[in-house]
Amino acid sequence: MDNDMTMLPANAAEQISRVEIIEIVQRERIARDMLQWQELGDSYNDDSSIDISWFKGNGKEFAAASEKMAARGTKTFHMMSPTSVRIKGNRAMASSGAAVHVMGNVDGIDVDVISYARLYARVAKESSVWLLSGFRAVYITDMMVPLDPSRAPQLDQAMLKDLRPSYRFLAYMLAKNGHPVGDHLAGMDRPETVKAMLDGEEAWLNG
Numbered sequence: 385m386d387n388d389m390t391m392l393p394a395n396a397a398e399q400i401s402r403v404e405i406i407e408i409v410q411r412e413r414i415a416r417d418m419l420q421w422q423e424l425g426d427s428y429n430d431d432s433s434i435d436i437s438w439f440k441g442n443g444k445e446f447a448a449a450s451e452k453m454a455a456r457g458t459k460t461f462h463m464m465s466p467t468s469v470r471i472k473g474n475r476a477m478a479s480s481g482a483a484v485h486v487m488g489n490v491d492g493i494d495v496d497v498i499s500y501a502r503l504y505a506r507v508a509k510e511s512s513v514w515l516l517s518g519f520r521a522v523y524i525t526d527m528m529v530p531l532d533p534s535r536a537p538q539l540d541q542a543m544l545k546d547l548r549p550s551y552r553f554l555a556y557m558l559a560k561n562g563h564p565v566g567d568h569l570a571g572m573d574r575p576e577t578v579k580a581m582l583d584g585e586e587a588w589l590n591g
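First residue of the sequence shown: 385, per this note's numbering; consecutive thereafter.
Put into C-alpha cells, the structure is as follows:
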C-alpha cells in the first residue's frame, strides 16, 4: 500500500483542523458534564469570552464558577447534535444544536430543566493548538420536568410572566438558586437579539 504523503488530498490540512475543532468543542462540554474542572478550563484560550444564561467572563473563571455551581447541587448534561465548522485562517466558528439538561432544585423539589439551544463556539489556533476563544448560545425554548412525577413545584406565575419565553424555566430555576439571568441573551422570541449575536460572531470570525 502506498503511504506517500503526496497522495493526501489538497485540503487535508483543513480537514485535520476540522476534526481537531470538533474534538475540542465536544471535549469542553464533556468536561463540564463530568465535573472535570481542569480539563474545562484548559479548553479555553487565556483571552476567551463567555456570555451564557448564568455566566459572563473568561474560560478559567467559567470552570471555577461551574465547580462552585456543581458543589451546590446543580448538574448539567448536554445532548449534542453534530457540529458544523467554518474556518477562516487561524479562527473558526463551530455551531452545535443541543438539548441542555440542567438538574437542580426548586423550592425543595428536584427538577430537570431542558433547554433547547444552538451553541456557538469561537475557536482559535495558537501555537498549533485549537482552543476555545468564546462560547455563546441562541436559546430556542425550554421546559421544566420534576424528577419525581408525583411532586411538582408550585411556580410563581408572576415571576414566570416577566421571564423571556426562550429560556423562561432555565432563568426561573437559576434565579431560585442564586444565579439571576439577564434578558439580553439571544433568543428566538426576539429575532433582533439573534441577529445581533450572529453578526458579532461573524465579525469575530472575519476579524
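Idealized CB from N, CA, C, for every residue including glycine.
For residue i, does the three-state DSSP call read helix, strand or coil?
{"i": "residue 578", "result": "helix"}
{"i": "residue 519", "result": "strand"}
{"i": "residue 573", "result": "coil"}
{"i": "residue 385", "result": "Note on residue 385: pLDDT 45, under 50, position unreliable in the model; no value is reported."}
{"i": "residue 450", "result": "helix"}
{"i": "residue 443", "result": "helix"}
{"i": "residue 583", "result": "helix"}
{"i": "residue 514", "result": "strand"}
{"i": "residue 530", "result": "strand"}
How far does the alpha helix (DSSP H) with residue i in it reach, from first residue to last?
{"i": "residue 401", "result": "396 to 417"}
{"i": "residue 543", "result": "541 to 545"}
{"i": "residue 556", "result": "552 to 560"}
{"i": "residue 478", "result": "Segment 475 to 490 is the beta strand (DSSP E) holding residue 478; no alpha helix (DSSP H) there."}
Give the C-beta separation of residue i and residue j to the nearest angstrom, bearing in mind that I take them to be a contact with Cβ-Cβ under 8 Å.
{"i": "residue 516", "j": "residue 443", "result": "6 Å"}
{"i": "residue 554", "j": "residue 526", "result": "5 Å"}
{"i": "residue 572", "j": "residue 524", "result": "5 Å"}
{"i": "residue 491", "j": "residue 560", "result": "7 Å"}
{"i": "residue 488", "j": "residue 418", "result": "Not quite, the Cβ-Cβ distance comes to about 17 Å (not below 8 Å), so this is no contact."}
{"i": "residue 429", "j": "residue 510", "result": "6 Å"}
{"i": "residue 521", "j": "residue 436", "result": "6 Å"}
{"i": "residue 451", "j": "residue 421", "result": "5 Å"}
{"i": "residue 458", "j": "residue 486", "result": "7 Å"}
{"i": "residue 506", "j": "residue 438", "result": "No, residue 506 and residue 438 are not in contact; Cβ-Cβ is about 19 Å, not under 8 Å."}
Got a sec, what are the start and stop residues for the beta strand (DSSP E) residue i sits in?
{"i": "residue 425", "result": "That residue, residue 425, is in no beta strand (DSSP E); its alpha helix (DSSP H) goes 421 to 426."}
{"i": "residue 463", "result": "459 to 472"}
{"i": "residue 501", "result": "493 to 510"}
Would you say residue i faces chain D, with C-beta separation under 8 Å as the test?
{"i": "residue 503", "result": "Going by chain labels, chain D is absent from the structure shown, which holds only one protein chain."}
Does the structure place the stretch 399 to 409 close enough to the stretch 465 to 478 that three or more beta carbon pairs sit under 8 Å? yes
For the structure I just gave you, are there three or more beta carbon pairs, one from the stretch 549 to 565 and one from the stretch 462 to 470, closer than 8 Å? No, the stretch 549 to 565 does not touch the stretch 462 to 470.
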